[in-house]
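Peer 1:
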Amino acid sequence: MSSLDEFRLYDYSTLLLNVTTSSLTKAQRRWRIAYAAIYSFRVMLSLAKDIISKRRSQHSSVFSHLHPDVALNIEPSSSQLWGENFLSSSSAPKIDQKRLLETVKGKDLVSLSQVGGVEGVAAALGTNPENGIADDDQEVKKRQEMFGTNTYHKPPPKGLLYFVLDAFKDTTILILLVCAALSLGFGIKEHGAEEGWYEGGSIFVAVFLVVVVSALSNFRQETQFDKLSKISNNITVEVVRGGRRQQISIFDLVVGDVVFLKIGDQIPADGLFLDGYSLQVDESSMTGESDHVEVDTTRNPFLFSGSKVVDGYAQMLVASVGMDTAWGEMMSSITSDKNERTPLQTRLDKLTSSIGKVGLAVAFLVLVVLLIRYFTGNTEDDNGNKEYIGSKTDVDDILNAVVRIVAAAVTIVVVAIPEGLPLAVTLTLAYSMKRMMADQAMVRKLSACETMGSATIICTDKTGTLTLNQMKVTQFWLGEEAIEEDLANIIAPSVLELFYQGVGLNTTGSVCKPVSGSLPEFSGSPTEKAILSWAVLGLGMDMENLKQRYSILHVETFNSEKKRSGVSVRKKADETIHVHWKGAAEMIVAMCSQYYERNGIIRPMNEDGRSRIETIIQGMAASSLRCIAFAHKQVSAEEMEYDDDRRKTHQRIKEDGLTLLGIVGLKDPCRPGVKKAVEACQSAGVGIKMITGDNVFTAKAIATECGILRPDYQEDSGEVVEGNEFRNYTPDERMEKVDKIRVMARSSPFDKLLMVQCLKQKGHVVAVTGDGTNDAPALKEADIGLSMGIQGTEVAKESSDIVILDDNFSSVATVLRWGRSVYNNIQKFIQFQLTVNVAALVINFIAAVSAGEVPLTAVQLLWVNLIMDTLGALALATDRPTKELMQKPPVGRTEPLITNVMWRNLLAQALYQIAVLLILQFKGESLFNVTEEVKDTLIFNTFVLCQVFNEFNARKLEKQNVFKGILTNRLFLGIVGITIILQVVMVEFLKKFADTEKLKLWQWGVCILLAAFSWPIAWFVKLIPVSDKPFFSYLKRSRSYSQVLSKLSTTGNLHLAGLEVDAE
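To get this note's numbering, take the position in the sequence shown, counting from 1, and add 3.
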């Protein structure tokens, strides 16, 4: 920065004027004059620096970082400095950070003006307002050390110990631990320390295993969710460093950075408004006030992190980051809700509760029966003697027996309560979230994973979702003439100059010329980049030269409702004012009354001329081109102003009587693979509707190319409508026609919201894609909001449930497939677990009532619980989506979790297991000529192996081939292998621990054969057809019939009863 620039920066003349004319005290004047003298000396030094640096550039390091000292408030009592950029070789800024924070947070304009305004702060921070800070890692690191990083202190994540302790809070686990402790005590007392610890110790070890495995699983999921949370918070922001615009992580932002803000951005740090137009922010997240706040250089230059940009665009100087911002202080005290319950989890909680109640009832009956049998002398010990012989029985023996009976009953409760269901949901959701991340979809709300599986309609955007969003200008029309080459030479200089203004000054993009002389770099939206590239490379526009010759007066930013943007500029050479509009071609043409030809002649736009231009636009649109038109008008200063109701004068940009400059056609090719993705969704029973802001011809061309519209589509079929047409339907007409609509063109965000509301009223589960700020209402209204990761604004992302990271419709289809997979995996696990529950409860109950003993001990049941709950959940909840999932219709909102197919499968398997185990229980000794201990081991071994084989059956609910794709799920095979190995160890080596006997090879063969029979049974059972109507609906119907009959009998009036039957 030159000394003259510094002179302007600190507004020295204003300071002198204030000294001489303002009402300062004598002491204050003296101090300000002293400051002026020091300042003058500094400017002289700066001039000297400039001269020396030219002559002796090799020795300029001493002066290279010279900045004037900046005094905030020079008082006799306090000469506290705000900024002290000192003469040294270090470029690091030195500033009173506390005063800076207080000024920004307190919106203190007085303190800010005393330092020379925003420019003064920028200088004190060592920031060039145009080029930003140096693009150097060392510079960034220094600033992070000095001012802190842009991160918030959050409570530490929960450790493994937390989840272990949490698992011990389970009531059934606590009762088992008490039983284990009592059993351990009585066992040691009766049999001594060497032998007596086995039973109690076994229960302790089994409980410990269950707790640790459960805690590890929960801890792993917590860690996974934390990682995903960090990724979702890591948004990108656009800054300028070393004169080059670039995208960086919000966490890498430092004090002194210059940030570019546009509509929909979340402000990433506290800062000051440097430059921009029509900036309005929503500070409701900070203040609770819903009114939008205008931000400018004079009245309110303060910007706060967490606020959203609702209009305009700007450059912001970052003044504080991380914990120094008001938002940081607030966020550090808030913990993210990790206990979010999804609808599926809520339904499973009810199911778990219902099954638990049944288990509790069975366990209580078993407890009562066993206690009665014991105290009536119907039980015998290992030697065949009666266990209870009245008063002769030792009190310790009685207590020991009661503890053993209670432990058995409690273990039945442990097995009956399917704790694995919530774990299975957590596992499958976490696994799906991780895999979806790899498939370019970041889940923000857990419930979206499962809801997506039920989606019946997907409303998608066109640009960037169905198309590549890689714009390129392929056609250019000036008036009624297409111009294809040598643009700069065949267009009149006066028209070319107007094009430069219309393109270069009415844009949110920028052009950066590299030092090396290679091609310029273009930044901004894909549309802006394409037009800037065309103007610079094709028309020879010089952006820097243009900005020096014109000053911008007023800007109207583009949004998806107006579909246009406008700017008014003043030419510095002759002080003339020019208005430029750019936007959707037919909307801009409607604002024009004449048009330019390439030789600079202006022609009036009569009806015929307008019609011919509209035909040109339609032809371009039919070729899948996005049409953007430019219009111009020279106006007077008076035409730029208007008074509102309060007689306050505002700037405005003239919108009528314009002259059409030209029309460009931008080609945006369809994404490869999008047609297949659309077909996949349609074959899965999911309707695709394209909602776009483009005109109807472009929309139809793209929709046909993507497969949303059939090639033989009829104009009068009602499949294509425009936004205003849909908006103007009556509510009944909308409800009648909404299902037929496949394409809605020229739509506003309100039209999208209206369509979502109509579809939901018709019972559809609606997924919506959106990228703009104005899409937020539709994204929130939809059952699943899908925002775009590249083009999406932060407001859109915040309103959505899932962020599509690559903006690709194929990723939307992938999300649909994963959503169905989540639901399907949960159903597999429910079927598997309920089979075990039913079998275990029935066997234990029948055995207890008839024989007075439980064939499966507490330790054995806990082992089954571990296989069933944790390992089973891991094996079945991590199956990847299959093609079959996309060949079924969507799952409805109210469809029961346990379908008739599942009831058929689980009852068949449970009945088979009950039959086999009861035969072994009552006839096992005689059938196999074995002791009672070996028989009990056979029962335990067969029961466990039945679950292993049934795990394969549970992989496919309806398909007979349960082995298809099994080699791709290594986790499943690994878990089955581990289960079998551990079972062999339990039976063969842990005799005392598991209360088992070693089995001979033929006995193992019998157990495996009996368990393997579950495969052919499953194969044959799946041939039995079942009704699609839920099983319990028949029970409801019979109950409603009985209610009707009771009404008939009580009223005695046949006619009246008939009416009531109809009402039912």
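Just so it is clear, CB atoms sit at the ideal spot from N, CA and C, and this is done for glycine as well.
1. Rounded to whole angstroms, what is the Cα-Cα separation between phenylalanine 966 and valine 208?
2. Relative to the C-alpha of glutamine 830, which candidate in Cys1010, Leu879, Lys783, Leu844 has its C-alpha closest?
3. So what's phenylalanine 263 in DSSP terms, helix, strand or just coil?
4. Closest to proline 1068 by C-alpha separation, out of Cys595, Thr618, Glu122, would be which residue?
5. To which residues of the same chain is glycine 603 closer than 6 Å at the C-beta, ignoring the five residues directly before and after it?
6. Could you please give the first and the last residue of the uninterrupted alpha helix (DSSP H) stretch that includes lysine 670?
7. In chain order, what are the residue ranges of uninterrupted alpha helix (DSSP H) at least 4 long that sit wholly in the region 899–965?
8. Rounding to the nearest angstrom, what Cα-Cα distance links serine 339 and threonine 429 in this structure?
9. What separation, rounded to the nearest whole angstrom, lies between the Cα atoms of leucine 914 and isoleucine 408?
10. Using a Cβ cut-off of 8 Å (strictly closer), state whether arginine 674 contacts chain E.
11. Starting from the Cα of glycine 543, find the closest Cα among Ile493, Pro529, Pro160 and give me that residue.
12. Taking the alpha helix (DSSP H) that serine 528 falls in, what are its first and last residues?
13. From the DSSP output, in three-state form, read off threonine 338 for me.
14. Pick helix, strand or coil for lysine 763, following the three-state DSSP scheme.
15. Nearest by alpha-carbon distance to glutamate 589: which of Glu617, Gly612, Ile605, Thr459 is it?
16. May I ask you to report which of helix, strand or coil DSSP gives asparagine 509?
17. Distance, Cα to Cα, alanine 419 vs glutamine 890?
18. From Gly977, Tyr826, Arg248, Trp821, pick the residue whose C-alpha is nearest to that of glutamine 443; which is it?
19. What does DSSP give as the partner residue(s) for asparagine 131 in the beta ladder?
20. Around the C-beta of proline 529, are 16 or more other C-beta atoms found within 10 angstroms, so that it is buried, or is it exposed?
21. In chain order, what residues of the same chain have a beta carbon less than 6 Å from the beta carbon of leucine 471, not counting five sequence neighbours either side?
22. Between which two residues does the beta strand (DSSP E) containing alanine 634 stretch?
23. Report yes or no: do three or more beta-carbon pairs, one from the region 458–474 and one from the region 903–923, lie closer than 8 Å?
24. Where does isoleucine 206 land, buried or exposed, given buried means 16+ other C-beta within 10 angstroms?
25. Look up phenylalanine 729 in the DSSP assignment and give the residues it is bridged to.
26. If you follow the alpha helix (DSSP H) that valine 592 is part of, which residue opens it and which one closes it?
27. Leaving out five residues before and five after isoleucine 694 in sequence, what residues of the same chain have Cβ atoms less than 6 Å from its Cβ?
28. State the DSSP-derived secondary structure class of lysine 995, mapped to helix, strand or coil.
29. What's the call for glutamate 719, buried or exposed, on a 16-neighbour Cβ count within 10 Å?
30. Please name the residue, chosen from Thr152, Trp480, Ala851, that lies closest to glutamine 621 on a Cα-to-Cα basis.
31. Tell me which residue opens and which closes the alpha helix (DSSP H) that threonine 154 is part of.
32. Are three or more beta carbon pairs between the region 431–440 and the region 862–881 nearer than 8 Å?
33. Select from Thr396, Asn868, Ser252 the residue whose C-alpha is nearest the C-alpha of lysine 233.
34. Quick one: what does DSSP say threonine 431 is sitting in, helix, strand or coil?
35. Grouping DSSP H, G and I as helix and E and B as strand, with all else coil, what is leucine 112?
36. Count the other CB atoms, across all protein chains shown, that sit within 10 Å of the CB of serine 450; report buried if there are 16 or more and exposed otherwise.
Peer 2: So, from the listed chains and residues:
1. Working through the sequence shown from its first residue, we reach residue 966 at position 963. Working through the sequence shown from its first residue, we reach residue 208 at position 205. Rounded to the nearest angstrom, the two C-alpha atoms are 35 Å apart.
2. Position 827 of the sequence shown, counted from the first residue, corresponds to residue 830. When C-alpha distances from glutamine 830 are compared across Cys1010, Leu879, Lys783, Leu844, the shortest belongs to Leu879.
3. The residue labelled residue 263 in the question sits at position 260 within the sequence shown. Strand.
4. What is shown of the chain runs 4 to 1067, which leaves residue 1068 out entirely.
5. As a first step, residue 603 is located in the sequence shown; it is residue number 600 there, counting from the start. Only Ala495, Ser497, Val498 meet the Cβ criterion.
6. Translated into the one-based positions of the sequence shown, residue 670 becomes position 667. Run containing lysine 670: none in the alpha helix (DSSP H); it sits in the beta strand (DSSP E), 661–670.
7. Counting whole runs of 4 or more residues, the region 899–965 contains the alpha helix (DSSP H) stretches 903–931, 935–957.
8. Walking along the sequence shown from the start, residue 339 turns up at place 336. Walking along the sequence shown from the start, residue 429 turns up at place 426. Reliability fails at serine 339, whose pLDDT of 47 lies under 50, so the model's placement of it is uncertain and the value that follows must be treated cautiously. When the Cα atoms are used, serine 339 and threonine 429 turn out to be separated by approximately 17 Å.
9. In the sequence shown, the residue the question calls residue 914 occupies position 911. In the sequence shown, the residue the question calls residue 408 occupies position 405. Here the C-alpha atom of leucine 914 lies approximately 26 Å from the C-alpha atom of isoleucine 408.
10. Among the protein chains of the structure shown there is no chain E, as only one such chain exists.
11. Here the question's residue 543 lines up with position 540 in the sequence shown. If we check each option's Cα against that of glycine 543, Ile493 comes out closest.
12. By one-based count along the sequence shown, residue 528 stands at place 525. Following the DSSP letters along the chain, one finds serine 528 in no alpha helix (DSSP H), marked with neither H nor E.
13. What you label residue 338 is simply residue 335 of the sequence shown in a count that begins at 1. Low confidence applies here, because threonine 338 scores a pLDDT of 46, under 50, leaving its location unreliable; read the following figure in that light. If DSSP states are grouped into helix, strand and coil, threonine 338 belongs with coil.
14. Position 760 of the sequence shown, counted from the start, is the residue given in the question as residue 763. Lysine 763 sits in a helix when the DSSP states are folded into three classes.
15. As a first step, residue 589 must be located in the sequence shown, where it is residue number 586. Closest in C-alpha terms to glutamate 589, from the list Glu617, Gly612, Ile605, Thr459, comes Glu617.
16. Walking along the sequence shown from the start, residue 509 turns up at place 506. Asparagine 509 falls in the coil class under three-state DSSP.
17. Along the sequence shown, read from residue 1 onward, the residue named residue 419 stands at position 416. Along the sequence shown, read from residue 1 onward, the residue named residue 890 stands at position 887. Straight across, the Cα-Cα distance linking alanine 419 with glutamine 890 is about 35 Å.
18. Working through the sequence shown from its first residue, we reach residue 443 at position 440. Ranked by Cα distance from glutamine 443, the first of Gly977, Tyr826, Arg248, Trp821 is Trp821.
19. Mapped onto the sequence shown, residue 131 falls at position 128. In the DSSP assignment, asparagine 131 forms a beta bridge with Gly135.
20. Along the sequence shown, one-based indexing puts residue 529 at 526. Flag for proline 529 reads buried.
21. Start at 1 with the first residue of the sequence shown, and residue 471 comes out as number 468. If we look at leucine 471 and ignore the five residues flanking it on each side, its Cβ neighbours are Pro672, Arg674.
22. For the purposes of this step, residue 634 is taken as the residue at position 631 of the sequence shown. For alanine 634, the enclosing beta strand (DSSP E) covers residues 628–638.
23. Segments in contact, no.
24. Residue 206 sits at position 203 when you count from the first residue of the sequence shown. Isoleucine 206 comes out buried.
25. Sequence index remark: in the sequence shown, residue 729 carries index 726 (1-based). In the DSSP output, where bridge partners are listed per residue, phenylalanine 729 has none listed.
26. As a first step, residue 592 must be located in the sequence shown, where it is residue number 589. Per DSSP, valine 592 belongs to the alpha helix (DSSP H) from 588–593.
27. The residue labelled residue 694 in the question sits at position 691 within the sequence shown. Within the same chain, isoleucine 694 has close Cβ partners Cys462, Met747, Ser750, Lys755.
28. Position 992 of the sequence shown holds residue 995. In this structure, DSSP gives lysine 995 a helical state, which the three-state scheme calls helix.
29. Locating residue 719 in the sequence shown gives position 716, where the first residue counts as 1. Per the sequence shown, residue 719 should be read as aspartate rather than glutamate. With fewer than 16 other Cβ atoms within 10 Å, it is exposed.
30. If you number the sequence shown from 1, residue 621 lands on position 618. Out of Thr152, Trp480, Ala851, Trp480 has the C-alpha closest to the C-alpha of glutamine 621.
31. For the purposes of this step, residue 154 is identified with residue 151 of the sequence shown, where counting begins at 1. Neither: threonine 154 is in no alpha helix (DSSP H) and is coded neither H nor E.
32. Result yes; three or more Cβ-Cβ pairs closer than 8 Å.
33. Taking the first residue of the sequence shown as position 1, residue 233 is located at position 230. The alpha carbon of lysine 233 has as its nearest neighbour, out of Thr396, Asn868, Ser252, the alpha carbon of Ser252.
34. On the sequence shown, residue 431 is found 428 positions in, with the first residue counted as 1. Helix.
35. Counting from one through the sequence shown, the residue named residue 112 turns up at place 109. Looking at leucine 112 - three-state DSSP - the assignment turns out to be helix.
36. Residue numbering aside, residue 450 sits at position 447 when the sequence shown is read from its first letter. Classification of serine 450: buried, given that the 10 Å Cβ count is 16 or more.
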